[in-house]
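Visitor: Before we start, here is the structure in question, set down as structure tokens.
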Ligand SMILES: [Fe+2]
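Numbering (our numbering), first residue to last: 28 to 364.
This is how it looks when you write it as structure tokens:
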């Protein structure tokens, strides 16, 4: 049986870190092929073969799994990220016409939804950043645009990044980002975070001082907590807020989570989901599935409440306070209000 070294395993990142069964598999460094392929089919582990070749493995349900050219493209882009070292220029990707076309199509489709459904702070960041809609910006270019605004910068990621590495980098204003583009057959869908999610979703947020402060606070929280359980709790709060959070503005439900803001489908469907009040205990303890629309969302009454409730949690949490929350030290009804 062939064994493969999984390069980016251990624990799924912010967008899939709560999958307990997945986490246990990702913690194994060397897996038999059959084990790897039994894993959730949507994820794309990056592996290194014995001859040094890098391969992104797309599961059978992935839109690009039957496209050899796309699979090769994904592996080539992942190789660039893996070869990159801190201090080097960020790798530029020579995007082809098909990839550029996917970016254009998503940009055009999603912009009217943003104007209607995104929260004011996201729209302010979007206006500040001024991303191109007709071509895919390189990470180096977006970093240069963000630098004078909030100081955030991107670093390339081959695929999933270990949870602690991803979050701790946020404290230093550093955002791990993939560079590949979703498969062209389904431009408005991706089962995993691609450059469109990273830049259109997160980049526009990172151009806002208020959002950037929240991201940095999440990073500081990750640095403060020592246990894996506490880190996972922090990551889930991040998931249900900065990835999939909604809030109320002028009596209307708006989106502030980058996961919804970069998803054409979820922008059209989020208002049909069950919206619960912000509740740190529930957010930090609830599993989620990256591959489906989030059936339960947590809604804030305002962006200020996100800053006070979520940002305040990030600012003050430590292993003990997270443990207390996890084990029900919650006083009855400790819902952020
Ligand atoms: Fe994300």
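Even glycine gets a Cβ: it sits at the ideal position worked out from N, Cα and C.
(1) Buried or exposed: residue 205, going by 16 or more other Cβ atoms within 10 Å of its Cβ?
(2) Opposite residue 202 in the DSSP bridges: which residues?
(3) Can you grab the Cα-Cα spacing for the pair residue 69 / residue 91, in whole Å?
(4) Please return the same chain residues whose Cβ sits closer than 8 Å to the Cβ of residue 195, not counting the five positions on each side in sequence.
(5) Taking 7 Å as the cut-off, is the CB of residue 4 close to at least one heavy atom of ligand 1?
(6) In three-state DSSP terms, what is residue 334?
(7) Taking residue 242 as part of the alpha helix (DSSP H), name the residues at either end of that continuous run.
(8) Take residue 169 and list the residues in its own chain whose beta-carbon comes closer than 7 Å to its own, dropping the five residues that flank it on each side.
(9) Please state the DSSP three-state secondary structure of residue 60.
(10) Taking 7 Å as the limit between beta carbons, can you name the residues of its chain near residue 297, skipping five residues before and five after?
(11) Sort 79, 160, 278, 334 by Cα distance to residue 102 and report the nearest one.
(12) Would you identify the three-state DSSP class for residue 350, choosing helix, strand or coil?
(13) What residue range is occupied by the uninterrupted alpha helix (DSSP H) comprising residue 85?
(14) Could you have a look at residue 299 and say whether DSSP puts it in helix, strand or coil?
(15) Looking at residue 289 and residue 224, is the spacing between their C-beta atoms short of 8 Å?
(16) Is the beta carbon of residue 258 sitting closer than 8 Å to the one on residue 264?
(17) Give me the DSSP bridge partner(s) of residue 304.
(18) Can you tell me whether residue 217 is buried or exposed, with buried defined as 16 or more other CB within 10 angstroms of its CB?
(19) So residue 233 packs on residue 202, CB below 8 Å; how close in whole Å?
(20) In chain order, what residues of the same chain lie with their CB nearer than 6 Å to the CB of residue 305, ignoring the 5 residues before and after it?
(21) Can you tell me whether residue 343 is buried or exposed? The criterion is at least 16 other CB atoms within 10 Å of its CB, across all chains shown.
(22) In the structure shown, what three-state DSSP assignment does residue 277 receive?
(23) Let me confirm a value: residue 349 is counted as buried when at least 16 other C-beta atoms fall within 10 Å, else exposed. Which label applies?
(24) Mind checking who residue 145 pairs with in its DSSP beta bridge?
(25) The alpha helix (DSSP H) spanning residue 161 covers which residue range?
Guide: Well, looking at it:
(1) buried
(2) 181
(3) Confidence at residue 69 is low in this model, with a pLDDT of 44, below 50, so its placement is unreliable and the value that follows should be read with caution. Whole-angstrom Cα-Cα distance: 11 Å.
(4) 246, 249, 250
(5) No answer is possible for residue 4: it lies beyond the span of the chain, which begins at 28 and ends at 364.
(6) helix
(7) 236–251
(8) 181, 226, 230
(9) Only weak support is given to the placement of residue 60: the predicted model assigns it a pLDDT of 34, under 50, and the question is left unresolved by the model.
(10) 273, 282, 287, 324
(11) 79
(12) helix
(13) Unbroken run through residue 85: none, as it is neither H nor E.
(14) helix
(15) yes
(16) no
(17) 326
(18) buried
(19) 6 Å
(20) 325, 327, 336, 363
(21) exposed
(22) coil
(23) buried
(24) 282
(25) Note, residue 161: premise wrong, no alpha helix (DSSP H); not H, not E.
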